[in-house]
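Chemist: The sequence shown begins at 2 in my numbering and counts up one residue at a time.
Note that beta-carbon positions come from the ideal geometry of N, C-alpha and C, so glycine has one too.
Before anything else, here's the structure in question.
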Amino acid sequence: MSYKKIIYLLLSLTFILITLNYFFIEKTRDPNHSSQEDSAHTEEDESSSGSSIKEVLSAAKEGKVPNIPITAGMTQMDEITDKWGKPDNSVQTEAGIYQDFSNHSTTVGSKDNVIFDVRSFDPVLQQIRLNDIKEVSGNPNATKYYQDASHDQIIFIYDVNSFYQLKWILPKPSIENKNPKVDHISVIAQEKGDTGDSDILSTMSLEEKVGQMIIAGVNGTQDGENTKTLIQQHKVGGFIFFSDNLSGPRQTVQFLNKMKADNVNNPLPLLLSVDQEGGKVTRLPGGLVNLPTNKKIGALNDPNISFEVGTILGKELKEYGFNLNFAPVLDVNSNPDNPVIGNRSFGDNPDVISELGIQTMKGIQSEGILSTIKHFPGHGDTSVDSHLELPVVNKSIQELESLELIPFREAINSGADLVMVAHILLPKIDDTYPSSLSKSIITDLLRKKMNYNGTVITDDMTMKAITNNYRMGQATVQAVKAGSDLILIAHDYNKALSAIEALKKAVQNGEISEGRIDASVNRIIELKRAYKLEDIQTGEVDLTKLNQSIESINKKIEQ
């Protein structure tokens with residue numbers, strides 16, 4: 002055999018072996034998976050996707066998508082064409098006009114010149130996969146499908162709050178592509194009427210409704226399992242914090258931000274509350290300069306000062322991430338032996354208390370913080386502390402109307418957000434139940450006689466005025482029957498659970514109608530919507546700026 006033939010045979014054999022090897026590999030390859038390079042989804046990818054998803058969720062709660070200067074429901078179309086120029090394409094639909102801006106990877110839908118739908122085709126978002134979305138955000142509120150000549154898509158719909166809806170649009174999963182990447186996202190502003198209070202209510206289970214009526218306490222300085230259970234399983238309406246929960250500005254912000262993140266799949270934001278009255282009742286940590294007592298402010302009797310103090314209180318709460326203040330105190334301090342009110346009151350003159358208290362309330366509200374007037378119908382003429390035992394006040398409605406009720410009536414007429422009802426027995430009005438559990442006080446006096454249609458909250462139900470005389474479930478049911486909307490349970494996780502279970506059982510056995518529960522939840526929804534509360538992440542506290550404001554008002558008071 003010639004040398005050339007040997008070379009030829011060797012080359013032929015090599016070619017045959019390579020070909021056989023190729024077909025063998027292809028035959029044994031898993032047909033349900035793409036190549037290793039295509040299917041690789043590393044931990045680093047997942048971490049990056051998780052961060053991107055959280056960024057999308059946070060922006061969606063404000064009606065935005067990341068890196069696009071548009072707020073759904075607010076930004077006008079003219080503003081965008083001024084910035085970006087004419088769109089590449091425009092389509093008229095039943096919902097409105099949709100316009101493409103390919104240079105910005107954005108499509109917007111508008112109606113009457115207002116953008117209601119913002120869609121992003123950002124390449125960064127297109128690296129997110131279906132499983133990543135579910136892992137971070139949980140199951141969607143709804144899933145829809147869309148198909149035409151060029152699209153076969155699945156749409157995950159998340160109601161991020163009562164104002165905005167987030168949609169993730171992806172290729173429909175298939176055998177070849179079980180975990181597809183995002184095509185685009187859409188943030189939509191709900192039209193007025195689309196997410197009215199009754200519409201939100203109609204989607205809520207009894208568990209969710211009852212949960213909204215509970216303001217629970219927290220244990221420690223971190224978001225523990227009990228807190229997470231109250232948020233994610235029982236859908237509680239909010240939480241109250243005390244000094245021992247708040248060790249510093251950064252810890253406080255991180256604590257609240259984590260709770261807000263835990264609440265991401267609930268349709269209503271959390272009420273995050275403290276007693277930040279000024280004077281000796283100050284919960285916020287980190288070296289804040291103290292504001293003067295209400296007694297000192299009352300002696301000055303300057304409504305402008307009171308309003309400014311209120312704005313500072315509101316700024317303090319907002320800076321730390323809270324949205325509800327249990328202040329101002331409107332009690333008339335008519336009993337010098339009162340062990341619990343004292344210098345927390347503006348004094349013993351109901352007219353001065355009315356004017357200064359209302360201005361403080363309005364100052365708090367001006368910063369977008371809910372304000373609570375307390376302690377109805379008046380804790381100023383008690384000789385015992387309701388934290389320790391049940392006070393008794395032997396006054397008739399007529400006597401209350403001439404003194405204690407004056408500041409409350411005026412504040413209600415001036416737009417009070419919430420009224421906190423005290424644990425005080427008034428035997429001339431109701432000789433069985435304390436005010437917080439009394440239908441005669443809450444429904445007949447506060448709602449009917451004083452025409453208050455807003456939200457009612459109990460004082461802390463773990464105070465001994467209640468716990469020495471009632472079981473938690475029993476007291477909770479009675480408070481709701483009396484007319485209260487929110488039950489404040491400042492301490493003890495198990496007591497919060499007892500309250501929730503007792504309310505559910507009371508509805509299930511007919512002791513309380515679901516219509517009665519609906520009335521309270523409607524008021525709570527209205528309250529949260531009125532202030533456009535959102536579970537938005539809070540940044541770093543600017544202590545220097547806050548203290549400058551406090552020092553400025555303190556100088557005015559000392560002059």
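Can at least three beta-carbon pairs, one atom from the segment 174–181 and one from the segment 458–473, be found at a separation below 8 Å?
Modeler: Counting Cβ pairs under 8 Å, fewer than three are found: no touch.
Chemist: Below 8 Å on the Cβ atoms is my guess for N423 versus S436; work out the distance and round it to an integer in Å.
Modeler: Residue identity differs from the one stated: residue 423 is Ala in this sequence, not Asn. Right, the Cβ-Cβ distance comes to about 5 Å (below 8 Å), so this counts as a contact.
Chemist: Report whether the distance from the Cβ of I467 to the nearest heavy atom of the ligand GTP is below 8 Å.
Modeler: Annotation note on the ligand GTP: not contained in the displayed structure, which lists no ligands.
Chemist: Tell me whether V92 is buried or exposed, calling it buried when 16 or more other Cβ atoms sit within 10 Å of its Cβ.
Modeler: Classification for V92: exposed.
Chemist: Check K465 in the structure and name its three-state DSSP category.
Modeler: Of the three classes helix, strand and coil, the one that applies to K465 here is helix, per DSSP.
Chemist: On a Cα-Cα basis, can you pick out the residue from D431, L406, H388, D418 that is closest to N395?
Modeler: Residue D431 is the option with its Cα nearest to N395.
Chemist: How long is the line joining the alpha carbons of N555 and L292, rounded to whole angstroms?
Modeler: The alpha-carbon atoms of N555 and L292 are separated by roughly 7 Å.
Chemist: Along the chain, where does the alpha helix (DSSP H) containing F256 start, and where does it finish?
Modeler: First-last of the alpha helix (DSSP H) with F256: 250–263.
Chemist: Buried or exposed: which applies to L207, given that a residue is buried once 16 or more other Cβ atoms fall within 10 Å of its Cβ?
Modeler: When all chains shown are included, L207 counts as exposed.
Chemist: Beta carbon of S121, beta carbon of P67: below 9 Å?
Modeler: It is a contact, given that the beta carbons lie within the stated cut-off.
Chemist: Using the Cα positions of D349 and G212, report the straight-line distance between them to the nearest angstrom.
Modeler: Distance between the alpha carbons of D349 and G212: 38 Å.
Chemist: S372 to K87, Cα distance in whole Å?
Modeler: Approximately 46 Å, taken between the alpha carbons.
Chemist: Of the residues I98, H388, S49, A491, which one's Cα is nearest the Cα of V119?
Modeler: Considering only alpha carbons, the answer is I98.
Chemist: If I'm right that E314 touches G364 with Cβ under 8 Å, what's the distance once you round it to whole angstroms?
Modeler: The identity of residue 314 in the sequence shown is Leu, whereas the question assumes Glu. That pair is a contact at about 7 Å.
Chemist: Just list the residues that DSSP pairs K182 with in beta bridges.
Modeler: The partner list for K182 (beta bridge, DSSP) reads R130.
Chemist: When DSSP labels each residue in this structure, what does I398 get in the three-state scheme?
Modeler: In the structure shown, I398 sits in a helix (DSSP, three-state: H, G or I).
Chemist: Find the nearest neighbour of L547 within the set N334, T94, P286, judged by alpha-carbon distance.
Modeler: Answer by Cα proximity: P286.
Chemist: Among V385, R130, I458, whose alpha-carbon lies nearest the alpha-carbon of I216?
Modeler: Nearest option by C-alpha distance: I458.
Chemist: If we count the other Cβ atoms within 10 Å of its Cβ and call it buried at 16 or more, is N33 buried or exposed?
Modeler: Since pLDDT at N33 reaches only 40, below the 50 mark, its modelled position is unreliable, and the value read off the structure follows with that caveat. Under this definition N33 is an exposed residue.
Chemist: Grab me the residues of G249's own chain with a C-beta within less than 8 Å of its C-beta, minus the 5 sequence neighbours each way, in chain order.
Modeler: Within the same chain, G249 has close Cβ partners P286, G287.
Chemist: Count the other CB atoms, across all protein chains shown, that sit within 10 Å of the CB of Q148; report buried if there are 16 or more and exposed otherwise.
Modeler: Per the 10 Å Cβ criterion, exposed.
Chemist: Within 10 angstroms of the Cβ of Q560, are there 16 or more other Cβ atoms? Answer buried if so, exposed if not.
Modeler: Q560 should be labelled exposed.
Chemist: Within the continuous beta strand (DSSP E) that includes F564, where are the two ends?
Modeler: Residue 564 lies beyond the range of the chain shown here (2 to 560); nothing can be said about it.
Chemist: Using the rule of at least 16 other Cβ atoms within 10 Å of the residue's Cβ for burial, across every protein chain shown, is K557 buried or exposed?
Modeler: Under this definition K557 is an exposed residue.
Chemist: Does DSSP classify H376 as helix, strand or coil?
Modeler: Three-state result, H376: strand.
Chemist: What did DSSP end up calling D519 once you bin it into helix, strand or coil?
Modeler: Residue state, collapsed to three classes: helix.
Chemist: Could you tell me the alpha carbon to alpha carbon distance between F102 and S50, rounded to whole angstroms?
Modeler: Looking at the two C-alpha atoms, the distance is approximately 25 Å.
Chemist: Drop a sphere of 10 angstroms on the beta-carbon of A531, count the other beta-carbons inside from all chains shown, and report buried for 16 or more, exposed for fewer.
Modeler: Per the 10 Å Cβ criterion, exposed.
Chemist: Is S59 near Q538, with beta carbons less than 9 Å apart?
Modeler: Contact flag set, yes.
Chemist: Measure from the alpha carbon of N132 to the alpha carbon of each residue in E535, I71, V183, then state which is nearest.
Modeler: Checking every option, the nearest Cα to that of N132 belongs to V183.
Chemist: For S35, count the other beta carbons within 10 Å of its own beta carbon; 16 or more makes it buried, fewer makes it exposed. Which is it?
Modeler: With a pLDDT of 39 at S35, under the threshold of 50, the predicted position of this residue should be treated as unreliable, though the coordinate-derived value follows. With fewer than 16 Cβ atoms within 10 Å of its Cβ, S35 is classed as exposed.
Chemist: Going by alpha carbons, who is nearest to V115 out of A491, T72, D519, V542?
Modeler: Nearest of A491, T72, D519, V542 to V115, Cα basis: T72.
Chemist: Classify D101 as helix, strand or coil using the three-state DSSP reduction.
Modeler: If DSSP states are grouped into helix, strand and coil, D101 belongs with the strands.
Chemist: From the DSSP secondary-structure annotation, give me the bridge partner or partners of F240.
Modeler: Its beta-bridge partners are A217, L273.
Chemist: Between which two residues does the alpha helix (DSSP H) holding K145 run?
Modeler: That residue, K145, is in no alpha helix (DSSP H); its beta strand (DSSP E) goes 143–148.
Chemist: Could you have a look at P408 and say whether DSSP puts it in helix, strand or coil?
Modeler: Of the three classes helix, strand and coil, the one that applies to P408 here is helix, per DSSP.
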